[in-house]
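Below you'll find the structure, written out as structure tokens, and then a few comments.
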Amino acid sequence: MSSSNNIKRCSRCGLGENTHGINLNSKDLCNYCSDWIPKENKVNFNTVDAANIIQNLVKSQYSQVTTNGKRPKHDVIVLYSGGKDSTYMLARLKRDIGLRPLAVTVDNWFLSSKSMEKQTEVLGALGVDHITIRPSLDSILELFKISANKVNEKEFEKFYSKYGIFCWPCFSLIYSSVCSLAKNSGIRLIAGGWSPGQINAGKHTSRNDGLISFSEVIKIYVEPFHQMILKVGSNSEIDLPVPQDGEGISLLPFFNYWPYDEAEIIKYITDEFNWDKPKDTDGCSSNCLINLLDRIIYRKRFGFDRYELQLANMVRSGHLTRQAVLDIANERLDADSVKKIAYDLELDKIISTQGSESNVC
Ligand SMILES: [Zn+2]
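Each number in the working numbering comes from the position in the sequence shown (counting from 1) with 12 added on.
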């Protein structure tokens with residue numbers, strides 16, 4: 013086991029030379045930082061400007077539909093996990109932007125029970141319609157098992173390195189499910205509360221309004237996962253919706269428009285909903301219990317923590333300091349706390365070689 017303390021790191025964002033695709037130049041600047049061009053800094057928009065921009069985006073999505081007099085009951089599907097960012101986004105979309113959201117939760121059976129309980133309170137306080145999609149436990153376990161067992165295969169490396177071990181199947185399921193729902197209900201916009209480092213809209217869209225084509229999301233994210241599952245062979249336990257074309261549907265990365273300030277987010281949802289972070293999740297997730305196991309397997313496979321990449325994006329955009337990347341890289345992960353989940357997924361051998369704690373494996 014090597015220590016991440018000995019790794020040479022980018023002087024600006026903190027990414028280590030062990031990180032996938034990273035090269036440091038003679039000034040110890042990584043290729044992401046040396047290529048990085050600051051874009052229009054949307055995070056400086058105040059909330060009134062942000063609300064106007066989002067209202068106009070919604071209007072443009074429905075301009076044709078409105079002419080035909082067929083506006084659906086809801087303007088936007090909100091990907092609502094009950095975590096801090098999606099809770100905050102849902103409240104702002106309803107209260108400050110005046111939209112009619114339909115909150116959708118895909119329950120992967122590993123959501124924190126405390127987070128699920130809080131959902132009821134938040135949804136009641138906001139008066140928002142809500143749908144929970146919950147595939148069978150057998151189906152979810154099978155998807156996660158297949159995904160974790162393919163992690164060492166070279167042909168899937170680029171997907172795992174970007175999307176994670178369990179986030180890839182989970183988001184494939186979420187995107188497939190909400191795509192069907194949007195198509196069936198006539199909703200043309202899906203909002204996600206990714207923090208600014210989690211999604212790079214510019215990479216996925218050629219549109220100048222910053223919305224992401226949902227067809228692109230299906231193509232780059234869901235279809236490759238679906239193809240991998242098909243390759244493994246048919247299994248009656250798997251209940252993964254066949255990806256539909258997302259034509260006419262757009263993804264709104266909410267925090268590309270609305271200022272992202274973690275302290276303000278936590279203060280707002282604490283004041284409004286008495287929200288607090290569940291104690292049973294790891295430091296990088298406020299709702300998912302399997303995230304820690306994902307990080308442990310990821311570190312073992314790739315030699316660094318997946319969150320280093322996300323946080324480094326936030327360092328470049330001015331949302332975090334470099335120290336945040338170093339803290340994640342050096343965080344010791346307690347493998348004992350996920351032994352039960354690993355056992356259920358028959359992945360206990362994967363983590364058993366690491367002792368009770370894991371740093372860089
Ligand atoms: Zn860098």
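Where a beta carbon is used, it is the ideal one built from N, C-alpha and C, also for glycine.
Predicted model, so just to flag it, every value in this text is computed and none were measured.
In the three-state reduction of the DSSP assignment, V254 falls in the coil class, being assigned neither a helical nor a strand state.
Rounded to the nearest whole angstrom, the CA to CA distance from E228 to G258 is 8 Å. H32 sits in coil when the DSSP states are folded into three classes, being neither helix nor strand. The residues N43, in chain order, have a CB closer than 6 Å to that of N35 in the same chain once the five nearest residues on each side in sequence are set aside. G110 and D141 have their C-alpha atoms spaced approximately 14 Å apart. The DSSP-derived three-state label of G136 is helix.
In this structure, Y100 lies near I277, with their beta-carbon atoms less than 7 Å apart. Taking C-beta atoms under 8 Å as the contact rule, L323 and I302 fail to qualify, at a distance of about 20 Å.
Check the Cα spacing between G204 and each of I158, G94, S98: the tightest is with S98. No Cβ-Cβ contact shorter than 7 Å links I143 with S189. Taken through DSSP and simplified to helix, strand or coil, D317 comes out as coil. Distance between P147 and D40, taken at the CA atoms: about 47 Å.
Y187 is classed as buried because its beta carbon has at least 16 other beta carbons within 10 Å across all chains shown. Taking C-alpha positions only, F316 is separated from Y74 by approximately 43 Å.
Relative to ligand 1, the beta carbon of L27 is positioned inside 6 Å of a heavy atom. Fewer than three beta-carbon pairs drawn from the stretch 318-335 and the stretch 150-167 are found closer than 8 Å, and the two stretches are therefore not classed as touching.
The closest heavy atom of ligand 1 lies 6 Å or more from the beta carbon of R21.
Here P253 has S188, S189, S192 as same chain residues with Cβ atoms under 7 Å from its own Cβ, once five neighbours each way along the sequence are excluded. Using a cutoff of 6 Å, the CB of Y319 does not count as near ligand 1, since none of the ligand's heavy atoms is closer than that.
Remark: three or more beta-carbon pairs, one from each stretch, lie closer than 8 Å, so the stretch 168-184 and the stretch 303-314 are flagged as touching.
Put simply, the backbone Cα of G28 is about 37 Å away from that of I65. With respect to I89, I250 sits apart: the two C-beta atoms are not nearer than 7 Å. Closest in C-alpha terms to H238, from the list A115, S159, A354, R344, comes S159. Scanning its chain for C-beta atoms nearer than 7 Å, with the 5 sequence neighbours on each side dropped, one finds around K351 the residues D360, in chain order. Close CB contacts of S184 within its chain, under the 6 Å cut and outside five residues either way in sequence, are with V234, F237 (chain order). A direct Cα-to-Cα measurement between D221 and L69 gives close to 8 Å. Less than 7 Å divides the Cβ of F285 from the Cβ of V134. R24 has its CB nearer than 6 Å to a heavy atom of ligand 1. DSSP places T282 in the uninterrupted alpha helix (DSSP H) bounded by 274-285. In this structure, DSSP gives C179 a helical state, which the three-state scheme calls helix. Between D306 and F178, the alpha-carbon positions lie close to 6 Å from each other.
The distance from the Cβ of I230 to that of P265 is about 16 Å, inconsistent with a contact at the 8 Å cut-off. The distance from the Cβ of L123 to that of S93 is about 7 Å, consistent with a contact at the 8 Å cut-off. The beta-carbon distance between L304 and L345, rounded to whole angstroms, is 6 Å. This is short enough to meet the 8 Å contact definition.
For Y272, the shortest C-beta to heavy atom distance toward ligand 1 is 6 Å or greater.
The beta carbon of D288 sits closer than 8 Å to those of T282, all from its chain and outside the five residues before and after it, given in chain order.
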